[in-house]
Structures are given as C-alpha cells and as structure tokens.
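Structure first, then comments.
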Amino acid sequence: MTVFLSPSFQYNTLPSRTIRQSYLPGKFSIPSPNLIKGTDHIEFGKEANPTYQRILGRYSQGNPGPLVFVISGLHGNERAGFHAFDQLIKKLEASHVKFKGEIVGLSGNLAALNAKTDKPMRFLDVDMNRVFKPELIAKAEKMKASGKTHLLRKEEIEMLDLLETIHSMQQSHRQKWPESQTFVLDLHSTSASGAPLMLPFKSMLHKWLPATSITDKHDLDPHPKMNRGYLNDYLNLALPNCQAAVFEGGGHDGENTAKNMEAALWVLLAKSKSISALNLPTFALVNALKEQLKGRPKEVKVIDHIAINYPRGYKSIRKFESNLEKVKPNELIAMDGFREIRIPDIAGKDLYALMPNLQDKHNIKAGDDVVFLAESTGEKFGEQDLVADLAEPALLPDYAPAVRNLKAGKLQDTLKA
Ligand SMILES: [Zn+2]
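With numbering that gives the first Met the number 0 applied, the sequence shown corresponds to residues 0 to 416, in that order.
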C-alpha cells in the first residue's frame, strides 16, 4: 500500500523500541478477566470492581496473516467497544473457523476508564484523541526518559503506553510475518444517536466498512500533517503498512451501537482475509447495520468546525437527535453565552450537521466542537448497496442457499434461513 508521509516526518524519527518477548505471535486465545465476565453488567473502574487493562484479549491460531487492533475507550465514556470485542472473541472461539493472523483488543484511556468517579469520564486532563501529534509525542517521550513522567498530563502518559504497546506488538508480528498488514479500528460512539460514521483519513477502510465516511479538508492535502492529534491519523502516517480508521458505532447508549461495532469488525476480518467468510448470524448482524444506513450519504466532507467558547453559557437551540442531520443555511443551532451559533449562509449545498455535542455538562470544555458542518458528496446508501455488498463472494462463499436467495431478491428469506 502507499504510505503518505509529510516531508518533515519519517519513520526513523521514532525512537527505536525493544520488542517484548511476550508479544510474539503464535497460537493463543487470551481473553482478559474483563472479557470472561462480560462487560455488559459490570461497572469497571468502580471501587471493588475489576479495572480495565491495556490488553483486553488476543486471539490467533498461529497462521500467518494481518494484525488487527481493536481500540475501545479512547474516550472513557464510550464503552460499547468493549462489549463488541467481547462478543467477537467469544464467537471466534466458539466457531472454530480458520483464522489468519492475530486480533488484539486494547483499552484507550485507562486513567479515565478506571477513574473512581460517579459519572463516566471522557478524559481527565485533555481529550486523548487530540494528543497524537509528533511534537507532543517527542516531548512526552523525552520527559519520560528523564524520569519526569509526573509532569505529564494523564492522557499523555496514556498515549505513550498505548503507542508502546502498539509499536511493540506490530514489531513482533512483522518480525515473524514480515509481509503482514496492520489494521486498526478505533471504536467510538457519539453523544447523539444515529447510524455509524467513520473517519478513514488516509486508509482505504471506507471502501470496506459500512458507514457514512467523513473526510476533512486536510485529508485532501498531498502532504497531510498530524495536526489534529487523532490516534488514527498518527497510525496511518507513522506505523508501517497500517490502515487505521475511527468507527463511530452510534449513540453512547444506543441499543445498536455495540452490535454495529461488532458487525464492522466482522466485515474488517472478512475483507482483510483474517477469516474467509461470514456465517449467517454475522451476515444478519451486518445486514442490520446496513438497514440503518439506508438513505444516508455515503460520504460527507467537513467544511466547517464550530467550537464552544463558554461551556457554562452553552445552550443548544436546535434539538439534534442524530449524529447526522440535514440543516438549513443561516439556521440558529445554539447559544454560546451571548454568541449566536448559526449554520453559515451557504446556498445550494446538501448540508449536514455532524456529531452535535450533546455531552453531559461535566464533559464539555472550552474549545470543544459544537458541531461539524458537512456537505454530502452526492451518493446515498440505497437498497442496491445492501444486496450488492452482502452478496460479494469474498463475504459469502460458503453459503450457497443464502447467496441464491439474495440473487432472487429474497433478503428476508436469507436472514431466516
Ligand atoms: Zn469518541
């Protein structure tokens, strides 16, 4: 694959890292105690409850293949990813399907996840998905090397530990299987509900995964820089042979959110050839996700970021319910203290408000985005996509009756089969 690097940034600017022997790939299945007990009815991080761990679980049958990282809880209040990964590993173990490469579940912001607070914390000192900038990483690594870790912000310490785990595991994997690719799906949820969104950045993952893909101005820059501080931007540019994307599965507490994330993971495993096919229950899960996408744009381009200056005086006027809603030019959407926040007066475009900020008050800080303004590039998800994608031989080679039903247009029969 092509790796895009800014002229000022090269792999060799990364400090060399020693490989932990315990990360060498082989045949294993290590669900952490978190996963054995399930994450749906345990409140981790609370007093007397188990704490989240960096490595949630690993699964491999020792066959050469890609390395797939699943990251959950980079924002400490977004926890559906833990459940999705848990379900995925349990089904892999129960199915005895041939698996190539390795899949690893990682926790993001352990400090926030394990904070002993009444309400789940998105972050403690700084948004963790804004700190992955080369200069911040270099500074934090220098501080750590000189024993001044206590001067770092909590999320910078988390950042260093997460990156060390990722680099180390990838090095071990590629030492044994040098040609292998790395895929990273960074699982998030939105404060508003709705169908999945994704930020593919330089990866090609939007060609594979079912979600409305969001591109930003700087995605189109031929020499993109890691100026947003997103983990997936950093990994796409700095980790060799890696494709990383953010997948927003739905609302924080949405009933489909964890299922959508799991469906995306199964599609990723099939497309990356970690598994050769989806089975019917998984196929149904993917189809349920696709049903939610019907009528939504396939791709939107961010044209403006609108930020909050006065969190204490912030009041939303337009009652957003979904993470992607059509808006009108000049529409008043919120008050930021005495400042009116309006959609810019641009006519003739298919405009959407993306990911409106409906976080709890305690999770809103000055500088946070109120909403992203985006423009649809035209194409929408339709009935055709549901059938066409699902009938792809790569996803369904072993299920002839299902494929036959699909071709005859009997989608519902297929799901009941
Ligand atoms: Zn998030």
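No residue lacks a Cβ here, since even glycine has one placed at the ideal position from N, Cα and C.
Cα-Cα separation, residue i to residue j
i, j, result
"residue 375", "residue 352", "11 angstroms"
"residue 343", "residue 332", "11 angstroms"
"residue 319", "residue 193", "11 angstroms"
"residue 4", "residue 315", "Since pLDDT at residue 4 reaches only 31, below the 50 mark, its modelled position is unreliable, and no value is offered."
"residue 58", "residue 237", "25 angstroms"
"residue 34", "residue 85", "Bear in mind that a pLDDT of 44 at residue 34, under 50, signals an unreliable position, so the model cannot answer this."
"residue 168", "residue 184", "15 angstroms"
"residue 50", "residue 256", "23 angstroms"
"residue 74", "residue 311", "22 angstroms"
"residue 369", "residue 303", "11 angstroms"
"residue 328", "residue 317", "13 angstroms"
"residue 133", "residue 226", "9 angstroms"
"residue 283", "residue 124", "41 angstroms"
"residue 215", "residue 195", "17 angstroms"
"residue 357", "residue 176", "44 angstroms"
"residue 230", "residue 130", "8 angstroms"
"residue 339", "residue 166", "45 angstroms"
"residue 94", "residue 203", "29 angstroms"
"residue 245", "residue 92", "26 angstroms"
"residue 285", "residue 191", "22 angstroms"
"residue 107", "residue 90", "23 angstroms"
"residue 205", "residue 197", "7 angstroms"
"residue 350", "residue 330", "11 angstroms"
"residue 218", "residue 232", "10 angstroms"
"residue 346", "residue 213", "21 angstroms"
"residue 42", "residue 362", "Residue placement at residue 42 is flagged as unreliable, the pLDDT there being 45, under the threshold of 50; the coordinate-derived value follows with that caveat. Rounded to the nearest angstrom, the two C-alpha atoms are 19 angstroms apart."
"residue 88", "residue 281", "13 angstroms"
"residue 144", "residue 209", "42 angstroms"
"residue 83", "residue 249", "13 angstroms"
"residue 239", "residue 140", "20 angstroms"
"residue 258", "residue 146", "43 angstroms"
"residue 117", "residue 270", "40 angstroms"
"residue 178", "residue 98", "17 angstroms"
"residue 222", "residue 115", "42 angstroms"
Cβ-Cβ separation, residue j to residue i (assumed contact under 8 angstroms), whole Å
i, j, result
"residue 323", "residue 211", "6 angstroms"
"residue 105", "residue 81", "That belief does not hold up - the Cβ atoms of residue 105 and residue 81 are roughly 11 angstroms apart, past 8 angstroms."
"residue 61", "residue 128", "At roughly 33 angstroms, the Cβ-Cβ gap does not stay under 8 angstroms, so residue 61 and residue 128 are not in contact."
"residue 158", "residue 150", "So it is not a contact: roughly 14 angstroms between Cβ atoms."
"residue 164", "residue 53", "6 angstroms"
"residue 186", "residue 321", "Residue 186 to residue 321, Cβ: 19 angstroms. No contact."
"residue 260", "residue 79", "6 angstroms"
"residue 265", "residue 279", "No, residue 265 and residue 279 are not in contact; Cβ-Cβ is about 12 angstroms, not under 8 angstroms."
"residue 301", "residue 373", "5 angstroms"
Of the residues the options, the one placed nearest residue i, counting alpha carbons only
i, options, result
"residue 272", "96, 90 and 83", "96"
"residue 383", "108, 290 and 98", "290"
"residue 422", "213, 217, 247 and 226", "The displayed coordinates of the chain run from 0 to 416. Any statement about residue 422 would go beyond what the structure contains."
"residue 348", "299, 214 and 285", "299"
"residue 69", "229, 335, 268 and 133", "268"
"residue 200", "177, 241, 161 and 160", "241"
"residue 379", "296, 307, 313 and 361", "296"
"residue 64", "341, 287 and 275", "275"
"residue 207", "263, 245, 301 and 252", "263"
"residue 102", "365, 115 and 66", "66"
"residue 138", "197, 156 and 355", "156"
"residue 335", "364, 53 and 346", "364"
"residue 235", "181, 313 and 377", "181"
"residue 135", "110, 281 and 162", "162"
"residue 109", "99, 98 and 126", "126"
"residue 171", "100, 160, 122 and 232", "100"
"residue 22", "305, 174 and 98", "174"
"residue 293", "146, 98 and 381", "381"
"residue 288", "313, 253, 78 and 337", "253"
"residue 122", "372, 377, 367 and 308", "367"
"residue 119", "325, 77, 146 and 98", "77"
"residue 309", "326, 301, 337 and 325", "337"
"residue 371", "377, 360, 359 and 326", "326"
"residue 307", "152, 250, 355 and 265", "355"
"residue 251", "359, 377 and 115", "359"
"residue 113", "140, 279, 239 and 153", "153"
Cβ-heavy atom distance, residue i to ligand 1, below 8 angstroms
i, result
"residue 128", "yes"
Residue-level contact to chain D via CB, residue i, 9 angstroms cutoff
i, result
"residue 104", "Protein chain content of the structure displayed is limited to a single chain, and chain D is not contained in it."
When you get a sec, list the residues whose CB is within less than 6 angstroms of any heavy atom of ligand 1, chain order please. 74, 77 and 187
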